[in-house]
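Every letter in the sequence shown is one number past the one before it in this note's numbering, and letter 209, counting from 1, is 219.
This report concerns only the one structure given below.
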Amino acid sequence: MASDDRTSVAVVGSTGSIGTQTLDVIAADPDRYRIDSLAAGRSLDLLVEQTNVVRPSFVAIGDASLESALREAVPAGTEVASGEEGLAECARRADVTVNGVVGFAGLPVTLASLEAGKRLALANKESLISAGPVVQAARRTPGAEIVPVDSEHAAIHQCLRANDVGKRVNRIQVTASGGPFRGRSADQLKSVTIEEALAHPTWAMGPKITIDSSTLMNKGLEVIEANELFGSPAGDLGYGLSLNDIEVVVHPQSIVHSMVTYSDGSTIAQLSMPDMRLPIGYALAFPDRFPVAYGPIDWATIGRLDFEAPDMEAFPCLALAYQAAGMGGTAPAWLSAANEIAVEAFLKGELAWADISGINAATLEKHDGGTGTTLESVLEGDRQARHYATELLRRAPS
Ligand code: MN
Numbered sequence: 011m012a013s014d015d016r017t018s019v020a021v022v023g024s025t026g027s028i029g030t031q032t033l034d035v036i037a038a039d040p041d042r043y044r045i046d047s048l049a050a051g052r053s054l055d056l057l058v059e060q061t062n063v064v065r066p067s068f069v070a071i072g073d074a075s076l077e078s079a080l081r082e083a084v085p086a087g088t089e090v091a092s093g094e095e096g097l098a099e100c101a102r103r104a105d106v107t108v109n110g111v112v113g114f115a116g117l118p119v120t121l122a123s124l125e126a127g128k129r130l131a132l133a134n135k136e137s138l139i140s141a142g143p144v145v146q147a148a149r150r151t152p153g154a155e156i157v158p159v160d161s162e163h164a165a166i167h168q169c170l171r172a173n174d175v176g177k178r179v180n181r182i183q184v185t186a187s188g189g190p191f192r193g194r195s196a197d198q199l200k201s202v203t204i205e206e207a208l209a210h211p212t213w214a215m216g217p218k219i220t221i222d223s224s225t226l227m228n229k230g231l232e233v234i235e236a237n238e239l240f241g242s243p244a245g246d247l248g249y250g251l252s253l254n255d256i257e258v259v260v261h262p263q264s265i266v267h268s269m270v271t272y273s274d275g276s277t278i279a280q281l282s283m284p285d286m287r288l289p290i291g292y293a294l295a296f297p298d299r300f301p302v303a304y305g306p307i308d309w310a311t312i313g314r315l316d317f318e319a320p321d322m323e324a325f326p327c328l329a330l331a332y333q334a335a336g337m338g339g340t341a342p343a344w345l346s347a348a349n350e351i352a353v354e355a356f357l358k359g360e361l362a363w364a365d366i367s368g369i370n371a372a373t374l375e376k377h378d379g380g381t382g383t384t385l386e387s388v389l390e391g392d393r394q395a396r397h398y399a400t401e402l403l404r405r406a407p408s
C-alpha cells in the first residue's frame with residue numbers, strides 16, 4: 011500500500027470526459043496520487059460506481075435533489091455533500107483540483123481552489139473566460155497556481171518553459187484542428203446536422219466542446235483563455251503579450267498542440283498524438299513529468315503535418331471571440347453564456363448550426379459595458395446574457 015504523503019486530488023466533473031480520463035491517469039501512478047474527492051453534476055449512477063471503486067473520503071453531487079440517493083448508495087463513512095458549495099468544498103480539501111466541470115458552472119470550483127492557495131488543473135475554460143478579473147485576483151493568493159489541462163494551453167505552458175529568461179516572447183500560435191467542417195463555405199454550412207457536427211475528426215470529447223469545435227467557438231474561447239493565462243492581464247505572471255499577439259493556426263492532424271515564437275524568430279512547439287491524458291498527467295506532475303507516456307508519436311508513420319489560416323467568414327464565432335476579448339470586462343462572459351444557450355438549443359434540434367453564431371453576435375451587441383471586477387457583477391452579466399440569448403432563441407426561426 012502506498013504511503014500517506016501522496017498528493018491528494020479532487021476530481022470535479024468526475025463522470026465526464028476529462029474526469030474519467032483523470033481517474034485513468036491517477037490509477038497509473040497510485041504511489042504518488044490519491045483521490046480525496048469525486049464530484050459530478052447529476053450523473054448519479056456513474057458517480058456511485060466510481061465512488062465504490064476509488065473510495066474517496068468525500069463525494070459531492072451538483073444537483074442537491076440527488077444528495078440523499080447518493081448518501082444511501084456510497085460506502086459507510088464517505089462524507090457526502092451537494093450543490094455548488096459541495097463541489098467547491100472538494101477543491102478546498104485537496105492539494106490539486108482537476109476542474110472538469112462543463113461551462114460556467116465550473117466557476118465556484120476554480121475560485122475555491124485558487125482562494126485556498128492550491129493547484130488548479132484547469133480543464134474548465136469557461137470559468138477563466140467569464141470571470142477573468144475575479145480569477146486573476148484569486149490567482150494572486152499565495153500558493154495558488156493554474157496549470158492548464160486544455161491541450162493547447164498545456165502545450166503553451168510547456169513551450170514557455172523553453173525560455174528560462176522569462177521574457178522575449180513575441181507570439182503565441184494556438185493550433186486548431188478546424189473541426190468537421192474545415193474547408194466548407196458559409197453557404198455549404200447552412201444545412202449541417204447534429205450528427206455531422208458531433209463527428210470530430212481527431213478528438214473524442216463531450217458534446218458541448220465538440221459543437222464548439224465545429225463552429226470554432228472553442229478556438230475563440232481558447233484565445234481568450236490564452237490571453238488570461240499568459241497575456242498582460244496576469245500582470246507579473248504575464249509576458250507582456252496582447253490579444254493580437256495570440257494567433258490561430260489551423261492544423262488538421264492535431265499533433266502540434268500549440269507554439270510559442272520568441273524575439274529571435276525561433277518557434278518552439280509541443281507535439282504528441284491527441285490524448286487528453288497527457289495534459290492531465292502534466293498538470294498533476296508539474297514541474298516533474300508524469301512517468302507514463304500518453305500519445306507518444308511514432309515518427310516512422312506520422313506522415314505530413316499541414317497548416318493553414320482559419321476562415322473567419324465561414325466561422326464567425328472565432329472573430330466574435332477576438333471582439334469580446336477586445337471589449338474586455340464581462341463581454342467574454344456574455345459571449346460564453348450566449349454560446350452555452352445556443353449550443354444547448356442546437357443539440358436539442360431547436361436551432362440551426364449556422365444560427366449559433368447569430369445568437370452569440372446579437373447577445374454580444376447587447377453588452378452593457380460591465381467590468382466584471384466582482385463576482386456579483388460576473389454572475390449578473392451571465393444572467394443577463396442568458397436572458398437575452400433565450401429571448402433571441404424564442405424569436406429565431408427553427
Ligand atoms: Mn483545447
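We put the CB at the ideal spot given by N, CA and C, even for glycine.
Not one heavy atom of ligand 1 is found less than 6 Å from the C-beta of aspartate 285. For glutamine 183, the enclosing beta strand (DSSP E) starts and ends at 179-186. In this structure, isoleucine 45 sits near valine 19, with a CB-CB distance shorter than 7 Å. Inclusion of isoleucine 234 and alanine 371 in the CB contact set at 7 Å is not warranted, their separation being larger than that value.
Only exposed fits serine 201, as fewer than 16 other CB atoms lie within 10 angstroms of its CB. Sequence-distant Cβ neighbours of isoleucine 166 in its own chain, meaning closer than 7 Å and more than five residues away, are Ile182, Ala236, Phe240, Ser268, Val270.
Straight through space, the alpha carbons of glycine 193 and alanine 186 are spaced by roughly 13 Å.
Not one heavy atom of ligand 1 is found less than 6 Å from the C-beta of aspartate 274.
In the structure shown, the three-state DSSP call for histidine 267 is strand. As the crow flies, the alpha-carbon of glutamate 89 is around 53 Å from that of serine 195. With respect to threonine 225, isoleucine 366 sits close: the two C-beta atoms are nearer than 7 Å. In this structure glutamate 232 is buried. Its beta-carbon is surrounded by 16 or more other beta-carbon atoms within 10 angstroms. Judged by DSSP secondary structure, leucine 48 falls within the beta strand (DSSP E) whose first and last residues are 43-50.
Between alanine 352 and alanine 310, the beta carbon gap of about 44 Å keeps them out of contact (Cβ cut-off 8 Å). In this structure, aspartate 160 has its CB closer than 6 Å to one or more heavy atoms of ligand 1. Note that the stretch 324-343 touches the stretch 130-150; at least 3 beta-carbon pairs, one per stretch, sit closer than 8 Å.
Separation of the CB atoms of valine 159 and alanine 131 is rounded to 5 Å, and the pair is thereby assigned contact status at 8 Å.
Residue nearest to isoleucine 219 within the set Glu95, Leu251, Val145, Leu357 is Leu357 (criterion: CA-CA distance). The beta strand (DSSP E) runs of length 3 or more contained entirely in the stretch 105-152 are, from start to end of the chain, 106-109, 129-132. Within 10 angstroms of the beta-carbon of threonine 203 lie fewer than 16 other beta-carbons, which makes it exposed. Between the C-alpha atoms of glutamate 82 and aspartate 55 there is a straight-line separation of about 12 Å. Between the alpha carbons of alanine 49 and serine 273 lies a distance of about 44 Å. One alpha carbon belongs to isoleucine 71, the other to glycine 51, and they sit about 5 Å apart.
Taking glutamine 31 as the centre and dropping the five residues before and after it, the same chain places the C-beta of Met286, Arg287, Ile290 closer than 7 Å to its C-beta, in chain order. For the pair glutamate 94 and alanine 133, the Cα-to-Cα distance works out to about 18 Å. Between the alpha carbons of glutamate 59 and aspartate 39 lies a gap of roughly 21 Å. Counting along the chain, valine 353 sits inside the alpha helix (DSSP H) bounded by residues 341-357.
Residue state for tyrosine 272 is assigned as strand, using DSSP reduced to three classes.
Across the set Phe191, Leu251, Glu205, the C-alpha of Phe191 shows the shortest separation from the C-alpha of serine 223.
Nearest to phenylalanine 300 by C-alpha distance, out of Leu253, Val35, Lys229, is Val35. In the structure shown, isoleucine 366 adopts helical secondary structure according to DSSP, grouped into three states. In the displayed model, proline 85 falls within coil according to three-state DSSP, outside both helix and strand. Counting of Cβ neighbours within 10 angstroms places glutamate 99 among the buried residues, the total reaching 16 or more. Check the Cα spacing between serine 282 and each of Asp308, Ala295, Glu350, Phe296: the tightest is with Asp308. Considering only Glu318, Ala207, Gly305, Leu251, the residue with the shortest C-alpha distance to valine 258 is Glu318. Going by C-alpha positions, alanine 295 is about 49 Å away from arginine 405.
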